[in-house]
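Reading through the structure tokens given below for one structure.
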Amino acid sequence: MESDQNESFSLMKIKTPVTEMLGIDLPIIGAPMFLVSYPDLVVAVSEAGGLGTFPSQNYRTIEELRRGLEDIRSRTKKPIGVNLILHKAHNPNWAKHLEILLEFKVELIITSLGSPRSIINEAKSVGTKVFCDVTTLRHANLVAKSGADALVAVAQGAGGHAGNISPFSLFPYLKKEIGLPVLAAGAISGGAQMAAAMSLGADAVYIGTRLIATKEAAASQEYKEMIVQSAPEEIVYTEKISGIPANWLKRSVEKAGDNFHNESSGDIDQEFKRWRDIWSAGHGVAQIDSIIPAGDVIKGMAAEYTDIVNKLPRPV
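All residue numbers in the sequence shown are consecutive under this note's numbering, ending with 444.
As structure tokens, this is what we get:
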């Protein structure tokens with residue numbers, strides 16, 4: 129029954145400023161996850177009508193990044209996106225990464241940990257849109273003035289590096305104060321959360337944790353199962369692991385012991401070890417109870433969203 133519903137829904141579209149901007153059918157963006165989002169996941173999300181993304185730092189060399197993009201482009205003609213960290217301490221090769229992304233004319237670059245000002249003109253010259261991760265109004269103002277096309281509002285409860293402002297406040301706040309399209313990030317694992325985010329003014333949703341527990345994710349089976357088994361009370365929010373406030377699975381933190389409980393040194397190898405051994409996730413684990421194909425996640429979320437919107441109480 130769910131499969132039939134997903135299949136029929138794949139013929140439909142949900143139109144928002146973000147879907148129009150990116151040329152996609154559904155306002156669902158798969159978040160770029162370090163050591164998790166690789167071609168299989170990117171392709172699956174884009175082919176399902178959303179937009180798949182990955183972090184450029186998932187590839188250790190420029191040539192590996194090129195091969196990754198070639199692989200994706202050979203398997204889907206749909207739009208894709210790449211996260212580009214612009215902070216030299218965290219990504220010393222960001223300028224070389226940018227050259228490759230522009231060469232492949234990726235449809236979307238998502239920036240984080242730095243000002244997008246230095247890449248806006250080059251990106252727009254090849255038709256690439258630039259969205260920026262933000263957690264506060266100050267961040268949002270800075271990237272808006274730099275020329276960002278949209279904001280990824282990373283609220284309390286998001287997996288990985290996250291803000292501490294409630295999504296009920298952050299999404300409408302940024303939409304009103306900045307006026308740019310807003311992507312809602314934080315504890316969105318199903319159509320119900322998508323409907324709530326859109327009602328708050330979001331133009332799309334940005335999902336990460338739910339996509340870890342999929343067949344295409346490059347996460348270990350143990351990581352995927354821990355996502356399914358964990359409750360939101362078992363998510364730890366701390367800056368002590370990576371140097372930046374982030375949400376982590378408590379069980380993986382306990383398993384790692386004290387080895388990584390220090391601020392980031394900027395050492396890339398250390399970053400790989402940290403994110404490999406301590407697993408990130410958000411409060412959205414509350415709604416995850418199975419490991420399924422990523423395409424089913426995207427189509428199922430859109431179908432559930434439509435069903436919920438149609439059933440919401442109406443004034444009489």
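Note that beta-carbon positions come from the ideal geometry of N, C-alpha and C, so glycine has one too.
Environment of residue i [buried if 16+ CB atoms lie within 10 Å]
i: Asn-221; result: buried
i: Ser-297; result: exposed
i: Ser-408; result: buried
i: Thr-263; result: buried
i: Thr-453; result: In this structure the chain extends from 129 to 444, so residue 453 is not present and cannot be described.
i: Lys-143; result: exposed
i: Val-356; result: exposed
i: Gly-255; result: exposed
i: Pro-443; result: exposed
Counterpart residues of residue i in DSSP-defined beta bridges
i: Lys-257; result: Leu-236
i: Leu-377; result: Ile-363
i: Phe-182; result: Val-210
i: Ser-408; result: Trp-376
i: Gly-177; result: Paired residue(s): none; Gly-177 is not in a bridge.
7 Å Cβ shell around residue i - same chain, five flanking residues per side excluded
i: Gly-178; result: Ile-152, Leu-154, Ile-156, Ile-157, Gly-158, Ile-426
i: Asp-199; result: Pro-167
i: Glu-192; result: none
Contact set for residue i: own chain, Cβ-Cβ below 6 Å, skip 5 residues either direction
i: Thr-239; result: Leu-212, Leu-214, Cys-260
i: Ala-414; result: Pro-360
i: Gly-180; result: Gly-158, Val-170, Val-173, Ser-174, Ile-208
i: Ala-315; result: Gly-285, Gly-410, His-411, Gly-412
i: Ile-436; result: Gly-319, Ala-320, Ala-323
Sequence-distant residues of its chain with Cβ nearer than 8 Å to residue i (five each side left out)
i: Gly-196; result: Tyr-166, Pro-167, Phe-182, Asn-186, Tyr-187
i: Pro-441; result: none
i: Arg-379; result: Met-354, Ser-358, Glu-362
i: Ile-248; result: Val-258, Ser-274, Gly-275, Ala-276
message = Ignoring anything shorter than 3 residues, give me the beta strand (DSSP E) runs that lie fully in the stretch 261–346, in order along the chain.
response = You should have 278–282, 310–313, 332–335.
ask   = On the three-pair Cβ rule with 8 Å, is the stretch 431–444 touching the stretch 334–349?
value = The stretch 431–444, when compared against the stretch 334–349, does not touch it at the 8 Å Cβ threshold.
query = Is the stretch 337–350 touching the stretch 160–175 in the sense that three or more CB pairs, one from each, lie closer than 8 Å?
reply = Yes, the stretch 160–175 is in contact with the stretch 337–350.
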